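> Here the sequence shown stands for residues 728 to 995, numbered as in the working numbering. We treat Cβ as the ideally placed atom computed from N, Cα and C, and that holds for glycine. Note that the structure is a prediction, hence the values are computed from the model and not measured. This structure is in structure tokens; I'll ask about it shortly.
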Amino acid sequence: MSGSGARESPFPTRMALTTTKLRLKGAQTGHSLLAKKRDALTTRFRAILKKVDEAKRKMGRVMQLASFSLAEVTYATGDISYLVQEQAKTATFRVKARQDNVSGVIIPAFDMDRVVGTDFNLTGLGRGGQQVLRAKEVYAKAMETLVELASLQTAFMILDEVIRATNRRVNAIEHVVIPKLDNTIKYIMSELDEMDREEFFRCDRFTHCGILPFRLKKVQGKKKRDAAIAEEKRKAEHEEIVVAAIADIDEGSGTGDLLSSKDEDVIF
Numbered sequence: 728m729s730g731s732g733a734r735e736s737p738f739p740t741r742m743a744l745t746t747t748k749l750r751l752k753g754a755q756t757g758h759s760l761l762a763k764k765r766d767a768l769t770t771r772f773r774a775i776l777k778k779v780d781e782a783k784r785k786m787g788r789v790m791q792l793a794s795f796s797l798a799e800v801t802y803a804t805g806d807i808s809y810l811v812q813e814q815a816k817t818a819t820f821r822v823k824a825r826q827d828n829v830s831g832v833i834i835p836a837f838d839m840d841r842v843v844g845t846d847f848n849l850t851g852l853g854r855g856g857q858q859v860l861r862a863k864e865v866y867a868k869a870m871e872t873l874v875e876l877a878s879l880q881t882a883f884m885i886l887d888e889v890i891r892a893t894n895r896r897v898n899a900i901e902h903v904v905i906p907k908l909d910n911t912i913k914y915i916m917s918e919l920d921e922m923d924r925e926e927f928f929r930c931d932r933f934t935h936c937g938i939l940p941f942r943l944k945k946v947q948g949k950k951k952r953d954a955a956i957a958e959e960k961r962k963a964e965h966e967e968i969v970v971a972a973i974a975d976i977d978e979g980s981g982t983g984d985l986l987s988s989k990d991e992d993v994i995f
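Written out as structure tokens, the structure is:
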């Protein structure tokens, strides 16, 4: 009666039908909102994916230039790594974290601040000073690109996981929850219709060929018997009245013969 799909098994009442319809409405609203959220996240995900591709290409070029500049410094001044390590007292670059909200999803983002000044200004003073300054600027650019790429890559991974979870929820609501509620509503409506048909058939049978005609016949038979008894009583009472009237007439006129009596004033 209610289809072959999966459904719940509530007690078929009007209240259960109303509750299930409200649940279906809520599921449809939730599906619409989740679909909009998925679309917004997908749009941001594609934009971030494009930026990640550009940042990776830029990172490759910048690291290539940084490697060449370090080779120039090594060729001009020799190994200066120990001088840099000895003279570096504070960090030149600081990374700050912030949060972006995309359709309710918190995405971390990183910004880099560069401290003005340096602790190894005298490095390369004897020779190779230009190469050292050039290498410092190239590596600063590489650091900025690396922080940007890390921020984009983190957002990419978080959005990818959230989009997958949202897709699973949307598909579950669309292909499981909503059809199940639809089948439940159909089941309840079919059961209510069947109950209405059974009630109508029972009332119809009760009216035409069931208990009611028997009771009507019984009542009609009783009425006929009561009417017959009342008619007999009425006839009996009428006969008694007629007999009493005749008796009264006989008593009033006497018991003699009417022909034998003669009136004195009448002469025959």
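Between which two residues does the beta strand (DSSP E) harbouring A836 extend?
Along the sequence shown, read from residue 1 onward, the residue named residue 836 stands at position 109. Taken as a continuous stretch (DSSP letters only), the beta strand (DSSP E) holding A836 covers V832 to R841.
> With which residues is K950 paired in a DSSP beta bridge?
Against the sequence shown, residue 950 aligns to sequence position 223. According to the DSSP secondary-structure assignment, K950 is paired through a beta bridge with no residue.
> How many whole angstroms separate the CB atoms of D909 and L751, which I take to be in contact at a CB cut-off of 8 Å?
Your numbering for residue 909 matches position 182 in the sequence shown. Your numbering for residue 751 matches position 24 in the sequence shown. Right, the Cβ-Cβ distance comes to about 7 Å (below 8 Å), so this counts as a contact.
> Indicate whether L797 and A862 have their beta-carbon atoms separated by less than 8 Å.
Counting from 1 along the sequence shown, the entry for residue 797 is found at position 70. Counting from 1 along the sequence shown, the entry for residue 862 is found at position 135. Contact: yes.
> Please confirm whether F837 and V822 have their CB atoms less than 8 Å apart.
For the purposes of this step, residue 837 is taken as the residue at position 110 of the sequence shown. For the purposes of this step, residue 822 is taken as the residue at position 95 of the sequence shown. Contact flag set, yes.
> Straight-line CA distance for T881 to M839?
Position 154 of the sequence shown, counted from the first residue, corresponds to residue 881. Position 112 of the sequence shown, counted from the first residue, corresponds to residue 839. C-alpha separation (whole angstroms): 15 Å.
> For the region 888 to 902 and the region 764 to 783, state whether three or more C-beta atom pairs, one from each stretch, are separated by less than 8 Å.
yes
> Can you list, in chain order, the residues of its chain whose CB lies under 7 Å from that of I890, leaving out five sequence neighbours each side?
For the purposes of this step, residue 890 is taken as residue 163 along the sequence shown, with counting starting at 1. Excluding positions up to five away in sequence, the list reads R765, L768, T769 and F772.
> Within 10 angstroms of its Cβ, does R952 collect 16 or more other Cβ (buried), or is it exposed?
In the sequence shown, the residue the question calls residue 952 occupies position 225. Classified as exposed, R952 has fewer than 16 neighbouring CB atoms from the shown chains inside 10 Å of its CB.
> Hey, quick one: how far does the alpha helix (DSSP H) through F820 stretch, first residue to last?
Taking the first residue of the sequence shown as position 1, residue 820 is located at position 93. Careful: F820 lies outside any alpha helix (DSSP H), inside the beta strand (DSSP E) at F820 to V829.
> Do you know how far the Cα of E799 is from the Cα of G805?
Along the sequence shown, read from residue 1 onward, the residue named residue 805 stands at position 78. Along the sequence shown, read from residue 1 onward, the residue named residue 799 stands at position 72. Straight-line measurement puts the Cα of E799 at about 9 Å from the Cα of G805.
> Going by C-alpha distance, which of D923, V842 and L776 is nearest P739?
Here residue 739 corresponds to residue number 12 of the sequence shown, with the count starting at 1. Per the Cα distances, D923.
> For K913, name the three-state secondary structure that DSSP assigns.
Translated into positions along the sequence shown, residue 913 becomes position 186. In the structure shown, K913 sits in a helix (DSSP, three-state: H, G or I).
> Give a yes or no on whether the C-beta atoms belonging to I905 and A754 are separated by under 8 Å.
The count along the sequence shown starts at 1 and reaches residue 905 at position 178. The count along the sequence shown starts at 1 and reaches residue 754 at position 27. Result yes, Cβ atoms of I905 and A754 sit closer than 8 Å.
> Distance check for N898 and F883, CA to CA, integer angstroms please.
Numbered from 1 along the sequence shown, position 156 holds the residue referred to as residue 883. Numbered from 1 along the sequence shown, position 171 holds the residue referred to as residue 898. Straight-line Cα distance between these residues: approximately 22 Å.
> Indicate the three-state DSSP secondary structure (helix, strand or coil) for P739 in the structure shown.
Counted from its first residue, the sequence shown places residue 739 at position 12. In the structure shown, P739 sits in coil (DSSP, three-state: anything other than H, G, I, E or B).
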